[in-house]
């Protein structure tokens, strides 16, 4: 199970390597991207490739995304919608040709693929805040304290103000021990989130105070 561990006030995983920019960007996309994955023509993760996951964003409808793109100094372009579309649903089926439709509002794509955002964010993290190959086992809401097994299997503890889980709620419930135990209302809310395909969950100091008050 891939897990995110926290050091101080940040929680992230990556393998950023100064001096090997292209290789580091590709590695960061693979290790950190989650559903975001940009690959080259051979299907290998690339810092400048084709998107196999999320591909578009809309400046007018997603101002926060647009702001992040500008903040990171990334470049984008309008999605081409002229002409027909070739679509292959599965490898065993022949590609199908469809009449193209112009998008309104126009969607944008990032130069280098959506993985460029992951690479840019990873490069801005200090190396000591990064932990790969770790498995979170226990989250104490009195603090907040995260207990996890590092890549060598050794038990570790970290204190953080926020913990972000980028996992389906049912896996969080099944794989991670919480103390105090999660209340029924929270589990029910997680179930609704899972049914609506929203799988990023944040526990913060506000959650801690609410749990302690129960």
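Numbering (this note's numbering), first residue to last: 435 to 648.
C-beta atoms are modelled at their ideal positions from N, C-alpha and C, and glycine is treated no differently.
- Cβ-Cβ distances below 7 Å link residue 521 to 529, 530 and 532 in the same chain, with the five nearest sequence neighbours on each side left out; the list follows chain order.
- Counting along the chain, residue 542 sits inside the beta strand (DSSP E) bounded by residues 542-544.
- For residue 568, the secondary structure class from DSSP, reduced to helix, strand or coil, is coil.
- Under the DSSP assignment, residue 611 falls in the beta strand (DSSP E) whose first and last residues are 611-613.
- Each residue's CA atom was taken as its position, placing residue 620 and residue 535 some 42 Å apart.
- Using a C-beta cut-off of 8 Å, the segment 504-519 makes no contact with the segment 575-588, since fewer than three inter-stretch Cβ pairs fall below that distance.
- The DSSP assignment places 455-466 and 497-505 as complete runs of the alpha helix (DSSP H) inside the segment 455-526, in order along the chain (cut-off: 4 residues).
- Bounds of the beta strand (DSSP E) holding residue 589 are 589-593.
- When DSSP reads this structure, residue 608 sits in no beta bridge, so it has no partner.
- In chain order, 479, 480, 483, 484 and 486 place their CB closer than 7 Å to the CB of residue 473, counting only its own chain and leaving out the 5 sequence neighbours on each side.
- For residue 600 and residue 540, the gap between their C-alpha atoms comes out near 29 Å.
- In the same chain as residue 585, and ignoring 5 residues on each side of it, the C-beta atoms closer than 6 Å to its own belong to 567, in chain order.
- Secondary structure of residue 528 (DSSP, three-state): coil.
- Rounded to whole angstroms, residue 505 and residue 526 show a C-alpha spacing of 42 Å.
- Counting of Cβ neighbours within 10 angstroms places residue 611 among the exposed residues, the total staying below 16.
- In this structure, residue 513 lies near residue 542, with their beta-carbon atoms less than 9 Å apart.
- A Cβ-Cβ contact shorter than 9 Å links residue 502 with residue 551.
- Looking at the DSSP output, residue 583 bridges to 569 and 589.
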